[in-house]
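Residue numbers (my numbering): 49 to 254.
Where is the CB? At the ideal position from N, CA and C, for every residue including glycine.
Remember, predicted model here, so these are calculated numbers, not experimental data.
Read the structure below first, then the notes.
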């Protein structure tokens, strides 16, 4: 914490900033490190003041089919082997999407390149379970905790057809909070319940 605060001050990022902490073991050896003492690298970058506010213009997404994500003990972690996400980002830029949806090796919905994904159908909120290979996002957990008891929420396995048949879709991550999706391919979505959720959870940012 002290290292982060010192870096923020040095970089002039005391207001709104993105912090990235990379943890690695030993002294950079290959497979047989001399020791396994954890080391870390801290980076900070300034964010716009309106980061985390409600996005009045919904996001445009597409489905990236070329690289699928495994469902294993590493799937829920953020680690340095993020090539599938990099490839999906490049594809999204080429297609002029705001983000790309990642599928798992079963061809089911996993997450996006920078966020967890939720969708609403008949006022029931759905999100891929951790067993589907998605990142165990901090904001994902917070949203699930805050919505439990207020709405019916299902963590499970969902197909592309399930997502395209939804009434609303939104993304969550720790920087942007909640952002609503206006379209996936040719399917359009509303944001009625999503905006209510955003207001109830992030009323100080609305």
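* By Cβ distance, which residues of its chain are closer than 6 Å to residue 200, with the 5 residues on each side in sequence left out? -> 172
* With distances taken from CA atoms, which of 66, 203, 119, 182 is nearest residue 95? -> Measuring C-alpha to C-alpha distances from residue 95 to each of 66, 203, 119, 182 identifies 66 as the nearest.
* **Sub-7 Å separation of residue 109 and residue 145 beta-carbons** => yes
* To do: Taking residue 219 and residue 232 to be in contact with their CB atoms under 8 Å, please state how far apart those CB atoms are, rounded to whole angstroms.
  => Not really, about 11 Å apart at Cβ, beyond 8 Å.
* To do: Rounded to whole angstroms, what's the CA-CA distance from residue 254 to residue 99? Just pull it up for me.
  => Because residue 254 carries a pLDDT of 39, less than 50, the predicted location of this residue cannot be relied on, and no value is offered for it.
* Chain-order list of residues whose beta-carbon lies under 6 Å from that of residue 106 (same chain, five-residue window excluded) -> 228, 229, 230
* What residue range is occupied by the uninterrupted beta strand (DSSP E) comprising residue 117? -> 107-117
* Asked: Got a sec? Which residues, its chain only, sit under 7 Å from residue 192 by beta carbon, not counting five neighbours each side?
  -> 201
* DSSP state of residue 253 mapped onto helix, strand, coil -> At residue 253, the pLDDT of 43 sits below 50, so the modelled position is not reliable and the matter cannot be decided from this model.
* **Same chain only: Cβ atoms within 8 Å of residue 97, ignoring 5 sequence neighbours per side** => 63, 64
* Asked: With a CB to CB cut of under 7 Å and the five nearest residues on each side skipped, what residues in its chain are close to residue 181?
  -> 117, 118, 119, 123, 152, 158
* Could you check what DSSP says for residue 169 in three-state terms: helix, strand or coil? => strand
* Cut-off 7 Å between Cβ atoms - residues of its own chain near residue 184, not counting five sequence neighbours on either side -> Here the set comprises 124, 178.
* Residue(s) in a DSSP beta bridge with residue 174 -> Paired residues: 167, 202.
* Would you report the Cα separation of residue 222 and residue 208, rounded to the nearest angstrom? -> 25 Å
* Could you check if residue 128 is buried or exposed, using at least 16 other CB atoms within 10 Å of its CB as the buried criterion? => By the 10 Å Cβ count, residue 128 comes out exposed.
* Length of the line joining the Cα atoms of residue 148 and residue 103 -> 18 Å
* **For residue 96, three-class secondary structure by DSSP** => coil
* Roughly how many angstroms separate the alpha carbons of residue 323 and residue 160, rounded to a whole number? -> The first residue shown for the chain is 49 and the last is 254, placing residue 323 beyond what the model contains.
* Assigned secondary structure, residue 147 (DSSP; H/G/I helix, E/B strand, else coil) -> strand
* Would DSSP call residue 190 helix, strand or coil? -> It is helical.
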